[in-house]
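Numbering (this note's numbering) for the sequence shown: 5 to 87. Backbone N, C-alpha and C define an ideal beta-carbon position, used for all residues, glycine too. All of these numbers come straight from a predicted model, not from anything done at the bench. Before any comments, here is the structure.
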Amino acid sequence: MNTRNEVLSLLDEVLSLHGRAAAFTLDTPLLGAIPELDSMAVVALITGFEERFGFAVDDDEIEGGTFATVGSLVDFIDGKLAA
Numbered sequence: 005m006n007t008r009n010e011v012l013s014l015l016d017e018v019l020s021l022h023g024r025a026a027a028f029t030l031d032t033p034l035l036g037a038i039p040e041l042d043s044m045a046v047v048a049l050i051t052g053f054e055e056r057f058g059f060a061v062d063d064d065e066i067e068g069g070t071f072a073t074v075g076s077l078v079d080f081i082d083g084k085l086a087a
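This is how it looks when you write it as structure tokens:
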């Protein structure tokens, strides 16, 4: 499984980006840079990650830096999968 591709797929789906996420790189800024990524979208993404990857995210694990870039989000997911 390619974590980056799965993250981009879920971003595109949850944020209704209509394919825009396919052009995102690991350095693409997310939180504060993509208007569709609001607090409700963050919750939907977390739920989507839990369902797609089969792990649980505790409230204290989530911080703004997790959603700073595509790369920081991929790193978070990879860390959860390795645990």
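Per DSSP, the unbroken alpha helix (DSSP H) holding phenylalanine 80 starts and ends at 74-86. A Cβ-Cβ contact shorter than 9 Å links alanine 48 with valine 18.
Annotation: the continuous alpha helix (DSSP H) that includes leucine 12 extends over 7-18. Taking the C-beta atoms as reference points, phenylalanine 71 is found nearer than 9 Å to leucine 34. As the crow flies, the alpha-carbon of alanine 27 is around 19 Å from that of methionine 5.
Within the same chain, Glu10, Ile81, Lys84 and Leu85 come within 8 Å of phenylalanine 57 by CB-CB distance, once the 5 residues on both sides are set aside.
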